[in-house]
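**Student:** Before we start, here is the structure in question, set down as structure tokens.
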Amino acid sequence: MNEFNEYFKSAFTVDNVIFGFDEGDLKVLLINRGEEPFKGKWALPGYFVYPNEDLDTAAKRVLEELTGLRNVYLEQVKTFGAVNRHPFGR
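Here you go:
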């Protein structure tokens, strides 16, 4: 057994905050969650990162899969890492 196996059991997600203007008003893009937990609730477009995927690629993939948006300027602004942030665990 690899001594590092216990470190590779974590799941990570990316969430995109997309700003835009609608008739001069600043808006934030939200999606209606299609899966539990929080199914039917409004959320930022986000999903899991594949094990072989970097964060930038994951953010672009998730954004396109959930919204159809492509060629959007993305920049990592903040990372959140609290252990109990998600009800399914870390």
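Using the working numbering, you'd call the opening residue of the sequence shown number 1 and step up by one each time. C-beta atoms are modelled at their ideal positions from N, C-alpha and C, and glycine is treated no differently. Owing to the predicted nature of the structure, the values given are computational and were not obtained by experimental measurement.
Is it the case that the Cβ atoms of L26 and T67 are separated by a distance below 8 Å?
**Tutor:** The answer is no: Cβ separation not under 8 Å.
**Student:** Below 8 Å on the Cβ atoms is my contact criterion, and I expect G46 with D15 to pass it. Report the Cβ-Cβ distance as a whole number of Å.
**Tutor:** With 8 Å as the limit, G46 and D15 qualify as a contact, their Cβ atoms being about 3 Å apart.
**Student:** Within 10 angstroms of its Cβ, does V77 collect 16 or more other Cβ (buried), or is it exposed?
**Tutor:** With fewer than 16 other Cβ atoms within 10 Å, it is exposed.
**Student:** Starting from the N-terminal side, write out each stretch of the beta strand (DSSP E) that is 3 residues or longer and does not extend beyond the region 9 to 87.
**Tutor:** With a minimum length of 3 residues, the continuous beta strand (DSSP E) runs that stay inside the region 9 to 87 are 13 to 15, 19 to 22, 25 to 28 and 46 to 48.
**Student:** Flag this pair as yes or no: are the beta carbons of L74 and K60 separated by less than 8 Å?
**Tutor:** Taking 8 Å as the Cβ cut-off, L74 and K60 qualify as a contacting pair.
**Student:** Can you tell me whether E3 is helix, strand or coil according to DSSP?
**Tutor:** Coil at E3, not helix or strand.
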